[in-house]
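Asks: Sharing a structure, written as structure tokens. Questions coming.
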Amino acid sequence: MKFTHLQKLQIATELIQRKMRVSIIHSITGVNPKTLRSLHREIHGTRPASGQIPTTGRILSTRPKHGMASVFAALYRSIGTAEIFNTLNICSLLRAYDLHLELSCGIIGNNPNVHPINITQAWVIARDISIGVAYFCYCQYCHIHYLLTDDAHVPPACPICTLRKQEPKLSIM
Ligand SMILES: [Zn+2]
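Going by our numbering, the sequence shown opens with residue 1, and the numbers climb by one from there.
The following block contains the structure:
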């Protein structure tokens, strides 16, 4: 996908508003990291976060996180269509992420133990889907497609059913 300079700045601003890591925004938009950091300070009044970018396997570390990541991935797949298996579509990612936030905040309410995924994690998941590191598995019990990786920290089973304390069998698409 080719963007004009103005579009790149607009996308960078949208991603900064959602607190995506500067190094990733730079790789997506090509906008200078120094410009991105000062934009971040201007918008949030703080320095942007730094440090290691997580892998999808690490994001899938607990059942609630697995559930949240799967909800995001399902929305991203629905919006981005089968193209997401070949390319990371940043516009679809933004739409899916915002929907995920909207839905999950309503579901989670004030539960301090469950959090929506953040925009950096959303990008990592979308990237890993596009290169086949993260993939969808079908649950024959609740009929959803949930997200999984070979190195996930949770056992390979449906997060929804597991959270309901059932024992589903795995079936990979
Ligand atoms: Zn299930």
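All residues carry an ideal CB built from backbone N, CA and C; glycine is no exception.
The structure presented is a predicted model; accordingly, all values stated were derived computationally and were not measured.
Would you check if the distance between the CB atom of T87 and the CB atom of S130 is smaller than 7 Å?
Replies: Against a cut-off of 7 Å, the Cβ pair of S130 and T87 comes out as a contact.
Asks: Buried or exposed for P159, going by 16 or more other Cβ atoms inside 10 Å?
Replies: With 16 or more other Cβ atoms within 10 Å, it is buried.
Asks: Threshold first: 4 residues or longer. Then list the alpha helix (DSSP H) segments lying entirely within the stretch 128-166, N to C.
Replies: Fully enclosed alpha helix (DSSP H) runs of 4 or longer: 159-163.
Asks: Out of L60, S27 and L15, state which residue places its alpha-carbon closest to the alpha-carbon of L39.
Replies: Of the listed residues, the one whose Cα sits closest to L39 is L15.
Asks: From which residue to which residue does the alpha helix (DSSP H) around M68 run?
Replies: It spans R63 to G80 - the alpha helix (DSSP H) in which M68 sits, taken as one unbroken run.
Asks: Mind checking whether I117 and F72 have CB atoms under 7 Å apart?
Replies: Yes. Within cutoff.
Asks: Using a C-beta cutoff of 7 Å, does D98 count as contacting chain B?
Replies: Among the protein chains of the structure shown there is no chain B, as only one such chain exists.
Asks: Can you tell me whether R164 is buried or exposed? The criterion is at least 16 other CB atoms within 10 Å of its CB, across all chains shown.
Replies: When all chains shown are included, R164 counts as exposed.
Asks: Kindly list the residues whose CB is nearer than 8 Å to the CB of A134, restricted to its own chain and excluding five residues on each side of it in sequence; keep chain order.
Replies: Hits under 8 Å: T56, A73, I125, D128, L147, L148 and T149.
Asks: Who are the Cβ neighbours of R18 in its own chain at under 6 Å, not counting the five residues just before and after it?
Replies: Result list for R18: I119, in chain order.
Asks: Any heavy atom of ligand 1 closer than 6 Å to the Cβ of Y141?
Replies: Yes, since a heavy atom of ligand 1 falls inside the 6 Å radius drawn around the Cβ of Y141.
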